[in-house]
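Visitor: Under this note's numbering, the first residue of the sequence shown carries the number 116, and numbering increases by one thereafter.
Where is the CB? At the ideal position from N, CA and C, for every residue including glycine.
Being a predicted model, the structure only gives us computed values, none of them experimental.
Take a look at this one; I'll ask things after.
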Amino acid sequence: MRRLHAVISGSTALSFISRDPWEAGDIDLYCPLGTADVICKYLCAAEGYDEAETVWDSPYSQVQGIEKVFKVRKFDPRHGTRSIDVIESINTMAVHPITHFHITAVMNYLFADGIVVLYPELTFKRIAVKSAKPNTRHPPYSKYKDRNYTICNMGRDGLICRTACELLQRTPQDAASLALRFRSSDTPMPTLGYWTLSQDRPLPESITPLEAPECYNYLCNKRKFIPVRP
């Protein structure tokens, strides 16, 4: 993970944050473009997983930032079959597909030396805002309701936008994200450029985040950009 800047996300990272009961039966590992084959070979040779299978019937797509998906499995006598989905980004940033997730509660990732929570203000209150660009055909919102998360449509549920404004330009290095390192390391934190919760609407190069379109939520506080942490 450290050498290739891969990250673990999905329910694994969320359970780590929320301290909910969790079993490591299925892990989602995200990696940069061109590194999935290397990771699968390592898992087979060093960790005893079976040969990687290409996941053809995947709920993910390139539109949502994913190039391809492999699955590796191994049998554990004590815990049964364990599997890892190795999910390759469409670009060199492993984090890119995570910003396309269907809900803010799972927009978090574990990297080799720490963890990043992209919406801590909401997640630690068990509030999850739906994304306008979900990365699955049938987003499992009910799964999070069962875990006592309040599922919201920003702008329709009487919530002030704050960090989850659908037009707000966000980055993992901004002051609204939470980044914690477990130990000192010179390894850079896997990151990416700006993203929003709305459908991808590329801005002209002449438009800065501060000049982005207005949000239609009447409770929006009109913040379009959060400064990067010093």
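1) Is any beta-carbon of chain D found at less than 8 Å from that of aspartate 200?
2) Which of the three DSSP states, helix, strand or coil, is assigned to leucine 334?
3) Can you give, in chain order, each stretch of the beta strand (DSSP E) that sits fully within the region 193-220 and has at least 3 residues?
4) Beta-carbon within less than 8 Å of proline 130's beta-carbon, same chain only, minus the 5 sequence neighbours each way: which residues are those?
5) Given this structure, state the Cα-to-Cα distance separating threonine 265 from tryptophan 171, to the nearest angstrom.
6) Cα separation between valine 231 and leucine 144?
7) What first and last residue would you give for the beta strand (DSSP E) that runs through aspartate 143?
8) For alanine 243, which option in Ser198, Cys276, His211 and Gly229 has the closest C-alpha, if you only look at C-alpha atoms?
9) Can you list, in chain order, the residues of its chain with a C-beta nearer than 7 Å to that of proline 247? Leave out the 5 residues immediately preceding and following it.
10) Have a look at valine 184 and proline 212 and give me their C-alpha separation to the nearest angstrom.
11) Helix, strand or coil for lysine 240? Go by DSSP, reduced to three states.
12) Whole angstroms are fine: how far does the CA of threonine 207 sit from the CA of threonine 150?
13) Per the DSSP calculation, glycine 229 is bridged to which residue(s)?
14) Name the one or two DSSP bridge partners that serine 124 has.
15) Leaving out five residues before and five after leucine 148 in sequence, what residues of the same chain have Cβ atoms less than 8 Å from its Cβ?
16) Tell me valine 187's beta-bridge partners as DSSP assigns them.
17) So for glutamine 288, helix, strand or coil by DSSP?
Guide: Looking at the coordinates:
1) This model lacks chain D altogether, as it is built from one protein chain only.
2) coil
3) Runs of the beta strand (DSSP E) inside the region 193-220: 195-204.
4) It should be noted that the sequence gives serine, not proline, for residue 130. Same-chain partners within the cutoff: Pro136 and Trp137.
5) Distance between the alpha carbons of threonine 265 and tryptophan 171 is about 33 Å.
6) Going from the Cα of valine 231 to the Cα of leucine 144 covers about 15 Å.
7) 141-146
8) Cys276
9) Note that residue 247 is alanine in the sequence shown here, rather than proline. So the qualifying residues of the chain are Glu281, Leu312, Ser313 and Gln314.
10) Cα atoms of valine 184 and proline 212: separation of roughly 12 Å, rounded to the nearest angstrom.
11) In this structure, lysine 240 counts as coil in the three-state DSSP scheme.
12) Answer to the nearest angstrom: the Cα atoms are 9 Å apart.
13) DSSP lists Phe226 and Arg296 as partners of glycine 229.
14) Asp143
15) Glu182, Glu203, Ser204, Ile205, Asn206 and Thr207
16) Ile199
17) coil
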